[in-house]
Amino acid sequence: MVNASPYGELYDADGKTLRESPNDDLGNNLNPFNDNVYANRLQKNNTFFGTLYAKGNIGYGFSYQVNFTPNFDFYRYFNSFSAKHPSYRVRKGVATRTTATTYNWQIDNIINFDRTFGQHQINATFLLNAEKFQSWREQMDNEGFDPNDNLSYHNMGNGIKPILVTDDQRSTGDALMGRINYTYAGRYNIMGLVRRDGYSAFGLQNPRGTFGSVGVSWSFADEKFFPSTNWFSTGKLRLSYGSNGNRDIGRYQAISDLTTGKYQYISPAGVVTPVSQLWVSRMQNDALRWEKTVASNIGLDLGFFKDRLTVTVDAYEKNTTDLLVNRSLPTVTGFDNVLFNLGGVQ
16 MVNASPYGEL YDADGKTLRE SPNDDLGNNL NPFNDNVYAN RLQKNNTFFG TLYAKGNIGY
76 GFSYQVNFTP NFDFYRYFNS FSAKHPSYRV RKGVATRTTA TTYNWQIDNI INFDRTFGQH
136 QINATFLLNA EKFQSWREQM DNEGFDPNDN LSYHNMGNGI KPILVTDDQR STGDALMGRI
196 NYTYAGRYNI MGLVRRDGYS AFGLQNPRGT FGSVGVSWSF ADEKFFPSTN WFSTGKLRLS
256 YGSNGNRDIG RYQAISDLTT GKYQYISPAG VVTPVSQLWV SRMQNDALRW EKTVASNIGL
316 DLGFFKDRLT VTVDAYEKNT TDLLVNRSLP TVTGFDNVLF NLGGVQ
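The opening position of the sequence shown corresponds to residue 16 in the working numbering, with each subsequent residue numbered one higher.
And the structure:
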């Protein structure tokens with residue numbers, strides 16, 4: 016927000032040069048057009064993604080499908096403020112140049128089975144999944160460009176305070192899943208599912224978690240003993256119980272982190288020498304495991320007037336254990352906290 020007097024002037028008497036402040040109150044209210052005129056910025060993000068798949072029938076009710084979904088992301092952010100900008104005049108201009116490339120893919124191998132035997136219908140799905148994420152990021156910062164900053168971020172090596180930061184990341188995951196669904200006479204249904212998921216971000220001892228669920232349903236409105244009416248069309252009772260996991264953590268939260276830096280060492284003779292240092296800034300937790308949520312549910316589906324009006328009622332209970340939280344540590348350990356499986360929520 017800019018507060019300016021209605022009598023303020025954006026330009027000097029020549030009508031071309033921007034004033035540092037419309038009201039001459041330097042340092043308190045700078046000219047809002049400085050950032051537009053004395054800045055040079057480029058920001059682009061290009062994303063390419065797609066889905067490749069193939070499927071076919073094996074026979075005897077079996078079919079196979081493979082899905083491959085690659086994703087490429089290219090990001091560029093270049094920005095500079097000229098030395099003509101009042102806020103960066105002393106620093107002789109500043110510039111930053113950031114590039115990032117991200118590549119991730121996921122592949123699913125799926126086998127389906129679907130057969131009907133009289134009043135018995137069986138459907139089963141088996142899944143083998145793998146995924147990978149990789150990113151590369153570089154950021155360059157500099158200031159004090161000499162003899163001038165006319166090339167801005169196009170000549171990052173021309174400054175006197177270069178800073179280069181890189182950040183490369185990688186993670187992998189996999190999953191096995193089996194699901195079977197059985198229906199009898201179109202009225203009675205039972206479903207069971209088991210899956211085992213893996214994610215490289217968890218501790219070395221527990222990179223994988225096993226989860227499952229079971230559910231049954233009964234379409235009582237289709238029973239012969241249920242009275243047939245024109246206004247009541249659907250009635251189904253549902254029961255289910257199951258668990259799932261949460262892997263929403265940073266890619267390297269379970270392992271220790273090494274941080275580098277420099278400090279000034281002053282010798283007895285008074286000579287100042289920059290000395291490199293390396294320290295562990297994050298505690299490792301090899302036992303970190305998946306957060307787990309167990310839920311039970313009972314539901315009722317009703318339909319009236321050929322399902323023109325539907326009503327759904329659900330009651331459920333959820334219990335989450337092994338919450339992924341930062342646990343505070345005593346100062347004597349040398350760390351403030353560590354990511355830990357702690358407590359639960361109902």
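C-beta: ideal position from N, C-alpha, C; glycine also.
From a predicted model like this one, the values you see are computed outputs, not experimental measurements.
Spatial neighbours of residue i in its chain, beta-carbon cut-off 6 Å, leaving aside the 5 residues before and after
{"i": "Y118", "result": "F87 and Q149"}
{"i": "T84", "result": "T66 and Q121"}
{"i": "Q80", "result": "K70 and I125"}
{"i": "T62", "result": "D88"}
{"i": "M206", "result": "N196 and G230"}
{"i": "L60", "result": "The amino acid occupying residue 60 in the given sequence is Asn; Leu does not appear at that position. If we look at N60 and ignore the five residues flanking it on each side, its Cβ neighbours are Y90."}
{"i": "I137", "result": "R130 and Y197"}
{"i": "G224", "result": "D212, G260 and W305"}
{"i": "Y103", "result": "F96 and V109"}
Residue i burial status per 10 Å Cβ neighbour count (16 or more: buried)
{"i": "G349", "result": "exposed"}
{"i": "L357", "result": "exposed"}
{"i": "P222", "result": "buried"}
{"i": "P242", "result": "exposed"}
{"i": "G265", "result": "exposed"}
{"i": "T176", "result": "The question names Thr, but residue 176 is Lys in the sequence shown. Looking at its Cβ environment, which holds fewer than 16 other Cβ atoms inside 10 Å, K176 is exposed."}
{"i": "R342", "result": "exposed"}
{"i": "F132", "result": "exposed"}
{"i": "A200", "result": "exposed"}
{"i": "V287", "result": "exposed"}
{"i": "R34", "result": "buried"}
{"i": "K307", "result": "buried"}
{"i": "L45", "result": "buried"}
{"i": "E365", "result": "The question about residue 365 has no answer, for the chain in this structure spans 16 to 361."}
{"i": "S95", "result": "buried"}
{"i": "N170", "result": "exposed"}
{"i": "D182", "result": "exposed"}
{"i": "Y168", "result": "buried"}
Residue range of the unbroken beta strand (DSSP E) whose run includes residue i
{"i": "T204", "result": "Reading the sequence as shown, one finds Asn at residue 204 and not Thr. Unbroken beta strand (DSSP E) run through N204: Y203 to Y214."}
{"i": "V81", "result": "F77 to F96"}
{"i": "D50", "result": "Counting along the chain, D50 falls outside any beta strand (DSSP E), though it belongs to the alpha helix (DSSP H) covering N49 to V52."}
{"i": "H135", "result": "H135 to E158"}
{"i": "V109", "result": "V109 to F132"}
{"i": "I178", "result": "I178 to Y199"}
{"i": "D329", "result": "L324 to T336"}
{"i": "R352", "result": "Just to set this straight, residue 352 is Asn in the shown sequence, not Arg. N352 to N356 is the span of the beta strand (DSSP E), which, as asked, contains N352."}
DSSP-derived helix/strand/coil call for residue i
{"i": "V347", "result": "helix"}
{"i": "G65", "result": "coil"}
{"i": "F226", "result": "strand"}
{"i": "N60", "result": "strand"}
{"i": "N375", "result": "Only positions 16 to 361 of the chain appear in the structure, and residue 375 is not among them; the question remains open."}
{"i": "D316", "result": "strand"}
{"i": "S296", "result": "strand"}
{"i": "A310", "result": "strand"}
{"i": "S36", "result": "coil"}
{"i": "P101", "result": "helix"}
{"i": "F236", "result": "The question names Phe, but residue 236 is Ala in the sequence shown. Three-state result, A236: helix."}
Own chain, CB closer than 7 Å to residue i, minus 5 neighbours either side, in chain order
{"i": "D322", "result": "S248 and T249"}
{"i": "S232", "result": "N204, K251, L252 and R253"}
{"i": "F217", "result": "A269, L303, R304 and W305"}
{"i": "W246", "result": "F319 and F320"}
{"i": "Y53", "result": "F96, S97, K99 and H100"}
Short CB-CB distance (under 7 Å) between residue i and chain C
{"i": "G201", "result": "As a matter of chain content, chain C is missing from the structure shown, which is built from one protein chain."}
Contact set for residue i: own chain, Cβ-Cβ below 8 Å, skip 5 residues either direction
{"i": "P289", "result": "K277, Y278, Q279 and Y280"}
{"i": "Y68", "result": "Q80, V81, N82 and F83"}
{"i": "E238", "result": "R202"}
{"i": "L344", "result": "M298, F350, D351, N352 and V353"}
Residue i CB to nearest heavy atom of the ligand ZN below 6 Å
{"i": "F77", "result": "This structure simply doesn't include the ligand ZN, nor any ligand for that matter."}
Which residue spans inside the region 241-286 form an unbroken beta strand (DSSP E) run of at least 3?
-> The qualifying runs are 247-261 and 272-281.
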